[in-house]
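J.: The structure that follows is given in the form of structure tokens.
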Amino acid sequence: MPWLSWHACELVNYRLKPAITFLHCVFLCLSVTTLSGSSAKMGSISAQPRTMRSCSADGCQECPPSAVATTRPYLRTALARSVYSKILVDEEFKNFDRTKWYKVNVEALEPEADELFLELDSADAETQVFLERCQERSDAVFTQLFHLVARTLLAPFVSQTSINGILRRGSMFVISDRQFRKLFHLADDYRAERMLDLGAGDGATTALLAGMFDNVHVTEMSWPMKRILAARGFTIEDVEGWSQRPDGYDVICALNLLDRCSRPLTLLEQMKTALKPNGLVLVALAWPFRPYVEFSATGDHQPEQVLDIDGQSFEEQAVSMMRNVLKPLGFRVVSWSRLPYLCEGDLERTFYHLNDMIFALKLD
Numbered sequence: 023m024p025w026l027s028w029h030a031c032e033l034v035n036y037r038l039k040p041a042i043t044f045l046h047c048v049f050l051c052l053s054v055t056t057l058s059g060s061s062a063k064m065g066s067i068s069a070q071p072r073t074m075r076s077c078s079a080d081g082c083q084e085c086p087p088s089a090v091a092t093t094r095p096y097l098r099t100a101l102a103r104s105v106y107s108k109i110l111v112d113e114e115f116k117n118f119d120r121t122k123w124y125k126v127n128v129e130a131l132e133p134e135a136d137e138l139f140l141e142l143d144s145a146d147a148e149t150q151v152f153l154e155r156c157q158e159r160s161d162a163v164f165t166q167l168f169h170l171v172a173r174t175l176l177a178p179f180v181s182q183t184s185i186n187g188i189l190r191r192g193s194m195f196v197i198s199d200r201q202f203r204k205l206f207h208l209a210d211d212y213r214a215e216r217m218l219d220l221g222a223g224d225g226a227t228t229a230l231l232a233g234m235f236d237n238v239h240v241t242e243m244s245w246p247m248k249r250i251l252a253a254r255g256f257t258i259e260d261v262e263g264w265s266q267r268p269d270g271y272d273v274i275c276a277l278n279l280l281d282r283c284s285r286p287l288t289l290l291e292q293m294k295t296a297l298k299p300n301g302l303v304l305v306a307l308a309w310p311f312r313p314y315v316e317f318s319a320t321g322d323h324q325p326e327q328v329l330d331i332d333g334q335s336f337e338e339q340a341v342s343m344m345r346n347v348l349k350p351l352g353f354r355v356v357s358w359s360r361l362p363y364l365c366e367g368d369l370e371r372t373f374y375h376l377n378d379m380i381f382a383l384k385l386d
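What follows is the structure, given as structure tokens:
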């Protein structure tokens, strides 16, 4: 039934797409009342205007020099507030400097980390395609309303990851094939036999890298996500047995997984044993580092093993990851970088994002 409802909403959005922007405007016009000054009152559903007034103290530097009445829209419903908030954020993003997603404070880096840092291109084509798709899906009002209701009904019974898989929502973007090749200093025609993506989710990022490999293998714990991965044509490996493959992997990816698994140190050791000679490892970690295990055995969502990552800033935690975790385990950093960890949005945001530190690794 959720599949039929989802497809119905998609069909309605497709057929009515030319009218959706117009409906947004009409909906907001019907939901907005402009409040100005202290005389705006609307009974039980009124909201007092926010005014800025100066105090009477001579020489006060904390307040404005004179009273300035501000105006703001009064939105009658939560849905209208969400749509209005999304419009404002979208307009703000048009002027956002995306190069900030990829920059670090090089002055805060140790000399070795500074030498290995590689700034990626903010004009990446696949990133732009993903953002445009986020815009299109976020504007699908009927689908988003269905998702809102379905998530509420499914939440007591299913994990958030599985809900996203059932609803075919929440796809994420980490890295493109072009960025991958740049991090490892590979030629444009690079090709290898076998890749493994650990914790692949719905395979959106995996699919971007898949064209460089003859065989693509994945692991995933969520059953709806497994169905999506199988439909993409990927080989699903057992979460406990993937490291026992005798012929190994040319590339192993663990993108935003180490802070979401219970035993990250064991996972890194298994990656070493499963890697072919001269194989490549790609590890991404969200900043700030905050471990959370969705499928924890004890139910407290805390990992059994804790990565020795210290510091507060992005640069401090990235350097700590290389110095305290990767090097002691026998990994050599080819390069590392910063990029946005993007996720499809909803009625309130076109997309959501975190900051990722990403490491291109080989074995010493």
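23 is the number of the first residue of the sequence shown in the numbering used here; add one for each residue after it.
Where a beta carbon is used, it is the ideal one built from N, C-alpha and C, also for glycine.
#1: Terminal residues of the continuous alpha helix (DSSP H) containing isoleucine 380?
#2: So within the stretch 284-366, which uninterrupted beta strand (DSSP E) runs reach at least 3 residues, ignoring any that extend past its ends?
#3: Only counting the same chain, and skipping five residues up and downstream in sequence, which positions put a Cβ closer than 6 Å to that of arginine 306?
#4: Going along the chain, which unbroken runs of the beta strand (DSSP E) with 3 or more residues stay wholly within the stretch 125-179?
#5: Do the CB positions of leucine 383 and valine 303 come within less than 8 Å of each other?
#6: Can you list, in chain order, the residues of its chain with a C-beta nearer than 6 Å to that of aspartate 136? Leave out the 5 residues immediately preceding and following it.
#7: Given 8 Å as the limit, is there contact between the stretch 103-112 and the stretch 363-370, that is, 3 or more CB pairs closer than that?
#8: Residues in the same chain with beta-carbon distance under 7 Å from valine 261, minus the five sequence neighbours each way, listed in chain order, please.
#9: Note the first and the last residue of the continuous beta strand (DSSP E) segment covering proline 262.
#10: So for threonine 257, helix, strand or coil by DSSP?
#11: Could you check if proline 87 is buried or exposed, using at least 16 other CB atoms within 10 Å of its CB as the buried criterion?
#12: For proline 218, which three-state DSSP category applies?
#13: Taking 6 Å as the limit between beta carbons, can you name the residues of its chain near aspartate 219, skipping five residues before and five after?
#14: Mark isoleucine 67 as exposed unless 16 or more other C-beta atoms lie within 10 angstroms of its C-beta, in which case mark it buried.
#15: Using 8 Å as the limit for Cβ to Cβ distance, is threonine 257 near chain B?
#16: Relative to the C-alpha of cysteine 365, which candidate in Leu140, Phe118, Asp272 and Val151 has its C-alpha closest?
#17: Which stretch, first to last residue, makes up the alpha helix (DSSP H) that contains alanine 276?
#18: Indicate whether leucine 385 and phenylalanine 353 have their beta-carbon atoms separated by less than 8 Å.
#19: Tell me, which residues are paired with histidine 239 by DSSP?
#20: Based on the DSSP output, what are the partners of phenylalanine 195 in its beta bridges?
#21: Tell me whether the stretch 110-120 and the stretch 332-346 touch, counting them as touching only if at least three CB pairs, one residue from each stretch, are closer than 8 Å.
#22: Can you tell me which of Phe373, Tyr374 and Pro362 puts its alpha carbon nearest to the alpha carbon of serine 198?
#23: Please name the residue, chosen from Arg191, Gln324 and Val171, that lies closest to arginine 155 on a Cα-to-Cα basis.
#24: If we count the other Cβ atoms within 10 Å of its Cβ and call it buried at 16 or more, is leucine 170 buried or exposed?
#25: Tell me the residue span of the alpha helix (DSSP H) that contains arginine 213.
#26: Specify the secondary structure class of leucine 8 as computed by DSSP and reduced to three states.
T.: The structure says:
#1: Unbroken run through isoleucine 380 is the beta strand (DSSP E), 373-385; no alpha helix (DSSP H).
#2: 297-309 and 353-366
#3: It should be pointed out that residue 306 corresponds to alanine in this sequence rather than to arginine. So the qualifying residues of the chain are Val196, Leu277, Asn278, Asp378 and Ile380.
#4: none
#5: yes
#6: Contacts found: Val128.
#7: yes
#8: Thr241 and Met243
#9: Contrary to the premise, residue 262 reads as glutamate rather than proline in this sequence. Glutamate 262 -> no beta strand (DSSP E), and no H or E assigned at all.
#10: Here threonine 257 sits in strand by DSSP.
#11: Residue confidence for proline 87 is low, a pLDDT of 40 falling below 50, so the modelled location carries little weight and cannot support an answer.
#12: A small fix is needed here, since residue 218 is leucine in this sequence, not proline. Three-state result, leucine 218: strand.
#13: Thr228, Val240 and Cys275
#14: Summary for isoleucine 67: the model assigns pLDDT 27, below 50, so the residue's position carries little reliability, and this model does not support an answer.
#15: Here there is only one protein chain, and chain B is not present.
#16: Nearest option by C-alpha distance: Val151.
#17: Per DSSP, alanine 276 belongs to no alpha helix (DSSP H); it is in the beta strand (DSSP E), 271-277.
#18: In contact: leucine 385 and phenylalanine 353 (Cβ atoms closer than 8 Å).
#19: Per DSSP, the beta-bridge partners of histidine 239 are Leu218 and Thr257.
#20: Leu364
#21: no
#22: Pro362
#23: Arg191
#24: exposed
#25: Where arginine 213 is concerned, there is no enclosing alpha helix (DSSP H), given that its DSSP letter is neither H nor E.
#26: For the chain, the structure presents residues 23 to 386; residue 8 sits outside this window and is missing.
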